[in-house]
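Student: Sharing a structure here in structure tokens format.
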Amino acid sequence: MNKITKICGKCIPLEMNDVDTDLIIPAQYLTSTSQKGYGENLFKRLKDQSPEFVFNQHKYLGASILITKENFGCGSSREHAVWALQEYGIQAIIASSFADIFSGNSLKNRLILIQMDKEIINKLILNSKKNDYFLDIHIVHNKIYSSLDEDFSFEMDNYQKSCFINGFDEFDYLLSFRNKIEEFKQQQIKDNIIPSYNRNPK
Amino acid sequence: MQKNIVDKIWEKHLINHSEGNFSICGIDFSFLHEVTSAQAFQKLEDRGIAIMNPKQFIATIDHSIPTRPNRNEIFDLAAKNQVELLRHNAQKHDIPFFDFDSGHQGIVHAIGPELGITQPGMTIVCGDSHTATHGAFGTLAFGIGTSELAHVLATGCLLLKKPKVMKVEFKGQKEEGIYAKDLIMKLISTIGIGGATGYVIEYTGQVIKNMSMEERMTICNMSIECGAKAGLINPDQTTYEYLKERPFSPKIEQWEKIISYWNSFVSDENCFYDKEIIIDIFAMQPMVTWGTNPAQAIEINSLIPTKIQVSPAEEIMYENAIQYMQLNGGDKIEGTPIDWAFIGSCTNGRIEDLRICAKILKDRKVHPSVTLYIVPASEGVLQQAKKEGLDFIFKNAGADFRMPGCSLCLGMNDDKVPAGKRCISSTNRNFVGRQGTGSYTHLASPATVAASSIRGKITSPLEFL
Numbered sequence: 008m009n010k011i012t013k014i015c016g017k018c019i020p021l022e023m024n025d026v027d028t029d030l031i032i033p034a035q036y037l038t039s040t041s042q043k044g045y046g047e048n049l050f051k052r053l054k055d056q057s058p059e060f061v062f063n064q065h066k067y068l069g070a071s072i073l074i075t076k077e078n079f080g081c082g083s084s085r086e087h088a089v090w091a092l093q094e095y096g097i098q099a100i101i102a103s104s105f106a107d108i109f110s111g112n113s114l115k116n117r118l119i120l121i122q123m124d125k126e127i128i129n130k131l132i133l134n135s136k137k138n139d140y141f142l143d144i145h146i147v148h149n150k151i152y153s154s155l156d157e158d159f160s161f162e163m164d165n166y167q168k169s170c171f172i173n174g175f176d177e178f179d180y181l182l183s184f185r186n187k188i189e190e191f192k193q194q195q196i197k198d199n200i201i202p203s204y205n206r207n208p209k
Numbered sequence: 232m233q234k235n236i237v238d239k240i241w242e243k244h245l246i247n248h249s250e251g252n253f254s255i256c257g258i259d260f261s262f263l264h265e266v267t268s269a270q271a272f273q274k275l276e277d278r279g280i281a282i283m284n285p286k287q288f289i290a291t292i293d294h295s296i297p298t299r300p301n302r303n304e305i306f307d308l309a310a311k312n313q314v315e316l317l318r319h320n321a322q323k324h325d326i327p328f329f330d331f332d333s334g335h336q337g338i339v340h341a342i343g344p345e346l347g348i349t350q351p352g353m354t355i356v357c358g359d360s361h362t363a364t365h366g367a368f369g370t371l372a373f374g375i376g377t378s379e380l381a382h383v384l385a386t387g388c389l390l391l392k393k394p395k396v397m398k399v400e401f402k403g404q405k406e407e408g409i410y411a412k413d414l415i416m417k418l419i420s421t422i423g424i425g426g427a428t429g430y431v432i433e434y435t436g437q438v439i440k441n442m443s444m445e446e447r448m449t450i451c452n453m454s455i456e457c458g459a460k461a462g463l464i465n466p467d468q469t470t471y472e473y474l475k476e477r478p479f480s481p482k483i484e485q486w487e488k489i490i491s492y493w494n495s496f497v498s499d500e501n502c503f504y505d506k507e508i509i510i511d512i513f514a515m516q517p518m519v520t521w522g523t524n525p526a527q528a529i530e531i532n533s534l535i536p537t538k539i540q541v542s543p544a545e546e547i548m549y550e551n552a553i554q555y556m557q558l559n560g561g562d563k564i565e566g567t568p569i570d571w572a573f574i575g576s577c578t579n580g581r582i583e584d585l586r587i588c589a590k591i592l593k594d595r596k597v598h599p600s601v602t603l604y605i606v607p608a609s610e611g612v613l614q615q616a617k618k619e620g621l622d623f624i625f626k627n628a629g630a631d632f633r634m635p636g637c638s639l640c641l642g643m644n645d646d647k648v649p650a651g652k653r654c655i656s657s658t659n660r661n662f663v664g665r666q667g668t669g670s671y672t673h674l675a676s677p678a679t680v681a682a683s684s685i686r687g688k689i690t691s692p693l694e695f696l
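First to last, the sequence lines map onto chains X and Y. The numbering used here numbers the first residue of the first sequence as 8 and each following residue consecutively. The numbering used here numbers the first residue of the second sequence as 232 and each following residue consecutively.
What follows is the structure, encoded as structure tokens:
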């Protein structure tokens with residue numbers, strides 16, 4: 008896995024709570040069997056609905072940091088939402104909260120999620136609406152520096168941080184426990200507590 | 232120390248503990264469907280890793296398939312390819328696949344329980360957020376992404392943090408015309424769409440104890456709609472009666488032993504919860520949504536909220552929702568004209584839902600301006616409905632009784648609500664364009680959907696019962 012210690016980029020503000028993954032990537036684009044091709048349909052419904060929508064505005068072209076509000080990524084478990092954001096070019100999302108499955112999916116794909124207080128979010132949104140607003144996110148030091156000379160601190164749990172800065176691969180980590188896992192599964196069969204293992208349907 | 236059901240399931244599945252961090256947790260079973268699995272199989276292939284235990288999986292097709300009678304012919308080439316790839320992957324890896332002609336095809340959250348795969352004390356996952364449905368059986372079941380599915384395929388495990396547990400109790404009595412769907416919508420509208428983020432919900436109390444398994448599944452199904460990772464209910468006699476003699480259930484000779492094992496997953500009295508919530512259902516009315524998320528729901532006889540009733544922080548979202556839905560704050564929700572009606576999905580496509588619907592539609596007609604789709608959640612439900620003659624009632628009423636699948640719940644198969652049309656739906660999500668770009672969705676119980684389809688407008692089922 009690639010290591011990430013820093014993200015620098017332009018901000019795009021999405022002033023909404025409860026942005027669901029259906030909005031991020033509508034279901035009709037989920038019939039593909041690959042991980043590619045979702046970027047062009049990112050926020051497709053909102054883009055089609057209004058020319059004013061931020062992802063239609065020229066001034067935010069090339070943005071890589073999305074600033075949004077509460078409960079971002081709620082609803083469906085579709086990882087396609089993360090793939091769509093990344094393919095578009097979003098590398099980090101700053102919000103006041105994130106939905107649970109979306110957070111897990113983001114981490115697995117190295118999309119950085121940063122949680123910050125509502126007041127700071129409001130400030131970041133305001134700044135990015137007014138200016139060409141750039142942020143410099145230093146993951147190692149839990150610091151964000153802005154193009155308006157502000158700095159903000161954020162919290163990130165050690166595990167997440169280690170995933171980013173060390174390129175920690177969960178898949179390899181889990182595989183390294185293979186023997187212990189086998190042992191556990193064998194014990195379950197021995198105890199006959201997971202009947203589905205010995206299933207013999209009528 | 233007294234433990235709750237989540238503590239007990241967690242301890243039984245912990246393979247490597249890491250204090251306050253991600254532990255390795257054993258996953259007993261995973262369902263696979265066509266939409267979220269292809270990329271996971273590909274990941275394994277790319278790394279040259281085999282599936283650890285194919286017996287831990289069952290695959291079926293539900294999301295992207297048509298529900299018309301000749302559904303084997305999939306006209307959408309991408310959807311066809313997706314289905315064929317799952318068929319191929321299942322065969323290649325020796326995973327049982329419930330195809331169209333298997334007699335067991337259906338929405339994963341319907342077939343797991345009805346085949347007796349879903350059992351108390353298990354951990355179950357699927358690349359679908361409504362996996363929470365299986366929690367009705369005292370199972371820790373939750374939706375995962377495709378990367379996590381790859382982890383489960385390769386190792387039968389996941390990296391998980393022990394979730395916090397929220398206890399939810401419905402207080403009062405469930406009156407006639409009020410269904411499990413109304414209760415869960417009441418909870419979501421009370422605590423909000425992110426109200427249970429970071430928690431697993433344990434539903435407790437007499438109202439839940441009195442419910443059938445199918446009602447409990449409806450409750451657990453929608454746990455994700457208030458942000459919960461999962462929802463579950465202590466197993467009891469109702470659970471065991473339901474599971475007895477189902478195809479994958481333990482054999483009857485092992486029954487006593489397995490029940491005593493299952494009973495070990497009941498929360499202890501006075502155990503600890505991170506949060507407790509009581510929802511008063513005294514004299515409540517059927518629920519219906521007015522907005523664009525499941526929390527924007529009200530009792531059917533009340534008025535759509537006005538701008539001054541929402542907090543300043545919610546104003547933008549309120550405006551967006553009311554504008555999208557083409558409604559006015561202060562108007563009655565009851566009486567809003569509808570064009571489409573849908574009964575089905577993993578929330579409310581089970582046999583009990585169809586029976587309620589048939590009871591209301593019997594000797595009545597669907598309003599001429601309304602298209603009513605009734606879609607059983609599984610082949611099992613379809614066969615049972617035919618056995619009971621429900622198909623004739625639906626046909627006589629002018630409804631379209633279709634083949635099993637996710638259908639109109641999400642706009643990713645042939646079934647879509649056209650742009651500009653308003654649908655009352657027994658599903659779980661009313662997000663913008665969820666049932667088809669430009670469509671409007673009102674969530675309600677199957678009874679409310681059936682009643683509304685007769686009147687051609689949002690109607691309380693109470694007048695038909």
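Using N, Cα and C, we set each Cβ at its ideal position, and we do this for glycine too. Since the structure is predicted, the reported quantities are computational estimates derived from the model, not experimental observations.
Just to confirm the assignment: which complete beta strand (DSSP E) runs, minimum length 3, are found wholly within the region 469-530 of chain Y?
Tutor: Complete beta strand (DSSP E) runs here, min 3: 506-511, 518-520, 528-530.
Student: Say whether chain X places a C-beta atom closer than 9 Å to the C-beta of glutamate 250 (chain Y).
Tutor: Taking Cβ atoms only, chain X never reaches closer than 9 Å to glutamate 250 (chain Y), which makes this a no.
Student: Taking Cβ positions, are phenylalanine 191 (chain X) and isoleucine 246 (chain Y) nearer each other than 9 Å?
Tutor: Yes; because the gap between Cβ atoms is below 9 Å, this pair is in contact.
Student: At a Cβ threshold of 9 Å, is asparagine 235 (chain Y) touching chain X?
Tutor: No, no contact with chain X.
Student: Would serine 295 (chain Y) count as contacting chain X if we go by Cβ distances under 9 Å?
Tutor: It does; some Cβ of chain X falls within 9 Å.
Student: To the nearest angstrom, how far is the alpha carbon of tryptophan 241 (chain Y) from that of valine 431 (chain Y)?
Tutor: Their backbone Cα atoms lie some 12 Å apart in a straight line.
Student: Sorted by chain position, which residues of the same chain lie with C-beta nearer than 7 Å to proline 481 (chain Y)'s C-beta, five sequence neighbours on each side aside?
Tutor: The residues are Ile489.
Student: Count the other CB atoms, across all protein chains shown, that sit within 10 Å of the CB of valine 147 (chain X); report buried if there are 16 or more and exposed otherwise.
Tutor: Label assigned to valine 147 (chain X): exposed.
Student: Residues bridged to arginine 708 (chain Y) by DSSP?
Tutor: Look at the range of chain Y in this structure, 232 to 696, and you will see that residue 708 (chain Y) is not part of it.
Student: How about cysteine 577 (chain Y) and alanine 681 (chain Y): do their beta carbons lie closer than 9 Å?
Tutor: It is not a contact, given that the beta carbons lie outside the stated cut-off.
Student: Given this structure, state the Cα-to-Cα distance separating glycine 16 (chain X) from serine 135 (chain X), to the nearest angstrom.
Tutor: Whole-angstrom Cα-Cα distance: 12 Å.
Student: Quick one: using the 10 Å Cβ neighbour count with 16 as the cut-off for buried, is glutamate 565 (chain Y) buried or exposed?
Tutor: Classification of glutamate 565 (chain Y): buried, given that the 10 Å Cβ count is 16 or more.
Student: Could you pull out every residue in the same chain whose Cβ sits closer than 6 Å to the Cβ of glutamate 445 (chain Y), ignoring the five residues on either side in sequence?
Tutor: Arg581, Glu583, listed in sequence order.
Student: Using a beta-carbon distance cut-off of less than 9 Å, what residues from the region 486-499 of chain Y approach chain X?
Tutor: So the close ones are Lys488, Ile489, Tyr492.
Student: Hey, is glutamate 77 (chain X)'s beta-carbon within less than 9 Å of any beta-carbon in chain Y?
Tutor: So yes, glutamate 77 (chain X) belongs to the interface.
Student: What does phenylalanine 662 (chain Y) reach in chain X if we use C-beta pairs closer than 7 Å?
Tutor: Those are Asp27, Asp29, Leu30, Gly82, listed as they occur along chain X.
Student: Using a C-beta to C-beta distance shorter than 8 Å, which residues of chain X count as neighbours of methionine 548 (chain Y)?
Tutor: Near methionine 548 (chain Y) (Cβ distances below 8 Å), the residues of chain X are Met23, Asn24, Asp25.
Student: Quick check: the Cα distance between threonine 354 (chain Y) and threonine 362 (chain Y), rounded to an integer number of angstroms?
Tutor: Each residue's Cα considered, the two are about 11 Å apart.
Student: According to DSSP, is methionine 397 (chain Y) part of a helix, a strand, or is it coil?
Tutor: Here methionine 397 (chain Y) sits in strand by DSSP.
Student: I'd like to check one pair, glutamine 287 (chain Y) with aspartate 259 (chain Y): are the Cβ atoms closer than 9 Å?
Tutor: Against a cut-off of 9 Å, the Cβ pair of glutamine 287 (chain Y) and aspartate 259 (chain Y) comes out as a contact.
Student: Could you pull out every residue in the same chain whose Cβ sits closer than 7 Å to the Cβ of alanine 628 (chain Y), ignoring the five residues on either side in sequence?
Tutor: Excluding residues within five positions, the ones whose Cβ falls inside 7 Å are Leu592, Arg595, Lys596, Val597.
Student: Going by beta carbon distance, what residues of the same chain come within less than 6 Å of glycine 667 (chain Y), once the five residues before and after it are set aside?
Tutor: Within the same chain, glycine 667 (chain Y) has close Cβ partners Gly642, Lys647, Val648.
Student: Would histidine 324 (chain Y) pass as a contact of phenylalanine 272 (chain Y) if the rule is Cβ separation under 9 Å?
Tutor: It is a contact, given that the beta carbons lie within the stated cut-off.
Student: Between histidine 294 (chain Y) and cysteine 637 (chain Y), how many whole angstroms is the CB-CB distance? I'm expecting something under 8 Å.
Tutor: Correct: roughly 5 Å between the Cβ atoms.
Student: For alanine 544 (chain Y), count the other beta carbons within 10 Å of its own beta carbon; 16 or more makes it buried, fewer makes it exposed. Which is it?
Tutor: By the neighbour-count rule (16 or more Cβ atoms within 10 Å), alanine 544 (chain Y) is not buried but exposed.
Student: So with Cβ pairs under 9 Å, would you call alanine 106 (chain X) a contact of chain Y?
Tutor: Yes, its Cβ sits closer than 9 Å to a Cβ of chain Y.
Student: Whole angstroms is fine: what's the gap from tyrosine 67 (chain X)'s alpha carbon to glycine 96 (chain X)'s?
Tutor: Cα to Cα, tyrosine 67 (chain X) sits roughly 12 Å from glycine 96 (chain X).
Student: Hey, would you say phenylalanine 80 (chain X) sits closer than 9 Å to asparagine 129 (chain X), going by beta carbons?
Tutor: Position check: residue 80 (chain X) holds glycine in this sequence, whereas phenylalanine was assumed. Their beta carbons are not under 9 Å apart, which means glycine 80 (chain X) does not touch asparagine 129 (chain X) by this criterion.
Student: Taking only beta-carbon positions, decide if serine 39 (chain X) is within less than 9 Å of chain Y.
Tutor: It does; some Cβ of chain Y falls within 9 Å.
Student: So for glutamine 336 (chain Y), helix, strand or coil by DSSP?
Tutor: Glutamine 336 (chain Y): coil per DSSP, three-state reduction.
Student: Assuming contact is defined by CB atoms lying nearer than 9 Å, are threonine 377 (chain Y) and threonine 267 (chain Y) in contact in what I supplied?
Tutor: In this structure, threonine 267 (chain Y) lies closer than 9 Å to threonine 377 (chain Y) by Cβ.
Student: With a cut-off of 9 Å, does the C-beta of isoleucine 200 (chain X) fall near any C-beta of chain A?
Tutor: Within the model displayed, chain A is absent; protein chains X and Y are what it includes.
Student: Measuring only the C-alpha atoms, how far is isoleucine 121 (chain X) from asparagine 579 (chain Y)?
Tutor: Each residue's Cα considered, the two are about 37 Å apart.
Student: Let me know the secondary structure DSSP gives glutamine 666 (chain Y) once reduced to three states.
Tutor: The answer is coil: DSSP assigns glutamine 666 (chain Y) none of H, G, I, E or B.
Student: For chain Y, is any of its Cβ atoms less than 9 Å away from the one on isoleucine 100 (chain X)?
Tutor: Not closer than 9 Å to any Cβ of chain Y, the Cβ of isoleucine 100 (chain X) fails to qualify, so no.
Student: Go ahead and pull the three-state DSSP assignment for asparagine 186 (chain X).
Tutor: Asparagine 186 (chain X): helix per DSSP, three-state reduction.
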